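Student: A single structure is presented below for examination.
In the working numbering, the protein residues as written are 57 to 343.
Listed below in C-alpha cells is the structure:
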C-alpha cells in the first residue's frame, strides 16, 4: 500500500440537478477522517463512489491499495460499512444474523460479535424490527467490527445514538485505529464527535471540496472575529475567509486567530469550532 487507506483524485459525478466537482482527498492509514457538509452537499455520493455503488463520471479512487475497479473479494472483506439505519432483514434476530454473516465473511468472529452485542446492550434473540433506531445503528456497528476490517466507512452511523452511547462508539473507533493499519472514513453532521475523534476534516459544500485539513490545525489556528461595522470595515479582505452580519455584530472567519488579534486589537477574536467554521462557509459570504 501507499500509506493511504483511501485516495480520491479528481472525483466527478453528475446528476441532473447536482454535481460533484473535482473532489480530491486521502484517508491515511491509522487515521480517522471526518467528512462534513450540509445535507445534500455530496457526502453520501462520495461514499457510494468509494464503495463502487455508483458509477463515477471522472477521477480515480483507490481503496486499500487497489483501484476500486479492480478490488478483489478478499480486499472487499477488509472493508466494513455502516450506513444510517440498517440494511439487514428486520425479520432476523442478531443470533440469526450471526449465522448469515458467518457464511459471508471468512474472517467473521462469532465470539467477538456476541461480545459486542453484550457490550452494546443488544438482545440477541429479539427481531431487528423491534429495535429502536439507535439499537439498529449499534447492531450495524457491531456487525462491521465483527469481521475485523482494515477500513471502516461510516455514513451518519452514530446519528441515532444518545450522547453516552456515541461517546462509547467514539472510544471504539479510537481503539480501532490504534493499530496503524486500520483507518476510518466517517461522514457525520455531529461535528462535536469529530472534534474528539477525527485526525483530518474534509469539508464538502455544494459538491465542491472546500478544504481537507488536519483537525488540530483547524482548532488551533482558525478563529472568528466578532466586531461592529466600524471594525469590520477596517479588516483587510485578504484576512477574511468568510463573513456574515448578525443582528448586532459582524462575524469574520480567519485562518490565523493569533495574527488577527494582534492586527485588530480592538476586535474580539475567539477560537472557531468545526460547526462554526462550516456555518460561516455555508451561511456567510466567501472572500
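Yeah, the Cβ is synthetic: ideal placement off N, Cα and C, and Gly gets one too. The model shown is predicted, which means the values in this text are computed figures rather than measured ones.
In or out: residue 235 buried (at least 16 other Cβ within 10 Å) or exposed?
Tutor: Within the chain shown, numbered from 1, the residue matching residue 235 stands at position 179. Its Cβ having fewer than 16 others within 10 Å, residue 235 is exposed.
Student: Flag residue 159 as yes when its Cβ comes closer than 7 Å to any non-hydrogen atom of the ligand COA, and as no otherwise.
Tutor: In terms of ligand content, the structure shown is empty, and the ligand COA therefore cannot be addressed.
Student: Rounded to the nearest angstrom, what separates residue 184 and residue 130 at their Cα positions?
Tutor: Sequence index remark: in the chain shown, residue 184 carries index 128 (1-based). Sequence index remark: in the chain shown, residue 130 carries index 74 (1-based). Their Cα atoms are separated by approximately 28 Å.
Student: Quick check: the Cα distance between residue 57 and residue 120, rounded to an integer number of angstroms?
Tutor: In the chain shown, residue 57 corresponds to position 1, counting from 1. In the chain shown, residue 120 corresponds to position 64, counting from 1. Caution applies to residue 57, whose pLDDT of 49 falls short of 50 and renders its modelled position unreliable; the value that the coordinates give is listed next. Near 7 Å, if we compare the C-alpha coordinates of residue 120 and residue 57.
Student: Bridge partners of residue 270, per DSSP?
Tutor: The residue labelled residue 270 in the question sits at position 214 within the chain shown. Answer by DSSP bridge pairing, in chain order: 256.
Student: Go ahead and label residue 314 buried or exposed: buried means 16 or more other beta carbons lie within 10 angstroms of its beta carbon, across all protein chains shown.
Tutor: Counting from one through the chain shown, the residue named residue 314 turns up at place 258. With fewer than 16 Cβ atoms within 10 Å of its Cβ, residue 314 is classed as exposed.
Student: Assess, as a yes-or-no matter, whether the segment 98-106 is touched by the segment 199-217 under the definition of 3 or more beta carbon pairs within less than 8 Å.
Tutor: yes
Student: Measuring CA to CA, which of 241, 339 and 113 is closest to residue 136?
Tutor: Taking the first residue of the chain shown as 1, we reach residue 136 at position 80. The shortest Cα separation from residue 136 among 241, 339 and 113 belongs to 241.
Student: Who are the Cβ neighbours of residue 68 in its own chain at under 8 Å, not counting the five residues just before and after it?
Tutor: Along the chain shown, read from residue 1 onward, the residue named residue 68 stands at position 12. If we look at residue 68 and ignore the five residues flanking it on each side, its Cβ neighbours are 75, 76, 77, 78, 79, 112, 113, 114 and 115.
Student: What did DSSP end up calling residue 161 once you bin it into helix, strand or coil?
Tutor: On the chain shown, position 105 is the one that residue 161 refers to. Coil, per DSSP.
Student: Starting from the C-beta of residue 180, find all residues in its chain whose C-beta is less than 6 Å away, skip the five residues before and the five after it, and write them out in chain order.
Tutor: For the purposes of this step, residue 180 is taken as residue 124 along the chain shown, with counting starting at 1. Contacts found: 150, 151 and 173.
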